[in-house]
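Just below is one structure, and these are the notes that go with it.
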Amino acid sequence: MEFDRESLQPLYKLKIGEAGESCALYIAQRLGFPSHMLARAEKEAYNKASVVKEHSSIIIKEEKKENTVSTNKIKPEIIKTTKPLHGESFNVGDSVKVFPQKDIGIIYKTIDEKGNLIVQIKGKKQAINHKRIKLITPASQLYPDDYDFSIIFDTVENRKARHDMGRKYDPSLEVKCEDEI
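Okay, here's the thing in structure tokens:
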């Protein structure tokens, strides 16, 4: 099937025994792809230099860049990748599903250096790897901005003791922290 290069419409002519020409580069040019990318694509696809002369210098510059990158003497293990962890997207108060049990919990503490998050499931706080957690609803949709998460995470006795300590001094009051898991 032949195509008109200007309008990119089919001419409805079939040449038997001859392979047709791909119009992918013409379509990409029409869509506004940068010309240096088109020249490089043409070189890679057809194993020949670009027909357009102005792009040849750009291709040579790109090849020089590739050569300089390959001769870099820094060892790959020294270069640290800065790929963000999946767990860094979680915030305190997010509703999550913990796999494989499919329990629903709430993030109590964000990710640590080992990749674990502290999640409160059915009133108990557990350290769970970020790979086993899937976000259901972010905290921004569940709670107002100034929400006090101690309502969720503290026991009733601790909340009462904190409230009384704020009002008056009572030596018999104790607040028990459960930070260590």
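Numbering (my numbering), first residue to last: 4 to 184. Even for Gly, the Cβ is constructed at its ideal location relative to N, Cα and C.
Local Cβ density within 10 Å of residue i, reported as buried at 16 or more and exposed below that
i    : result
I136 : buried
I19  : exposed
H133 : buried
G169 : exposed
G108 : buried
L120 : buried
Top-ranked residue by Cα proximity to residue i, from the options
i    : options             : result
K100 : E91, I110, E9       : I110
I131 : T140, S143, D115    : D115
G96  : D106, Q104, Q123    : Q123
K127 : A22, S38, E24, D157 : D157
Q129 : F36, G35, K112      : K112
E24  : E160, R8, G35, F36  : R8
6 Å Cβ shell around residue i - same chain, five flanking residues per side excluded
i    : result
K125 : none
A142 : N94, G96, D97
D106 : I124
K179 : none
Opposing strand residues paired with residue i [DSSP bridges]
i    : result
P13  : F6
T140 : S98
L28  : Note: L28 sits in no beta bridge, so no partner.
D106 : V101
K127 : I124
N119 : N132
D112 : Reading off the sequence, residue 112 comes out as Lys, not Asp. Paired residues: I121.
Beta-carbon separation (whole angstroms), residue i vs residue j, contact threshold 8 Å
i    : j    : result
L219 : F93  : With the chain covering 4 to 184 only, the question about residue 219 has no answer from this structure.
L14  : F6   : 6 Å
L41  : A48  : No, L41 and A48 are not in contact; Cβ-Cβ is about 10 Å, not under 8 Å.
S153 : R162 : 6 Å
Min CB distance residue i to chain D below 8 Å
i    : result
I131 : No chain D appears in this structure, which consists of one protein chain only.
Neighbourhood of residue i by C-beta distance below 8 Å, restricted to the same chain and skipping five residues each side
i    : result
P103 : R135
E177 : A164
D148 : none
Beta-carbon proximity list for residue i, same chain, < 7 Å, skipping 5 on both sides
i    : result
L28  : L41, A44, E45
L11  : C26, Y29, I30, R33
D173 : D167
E91  : I114
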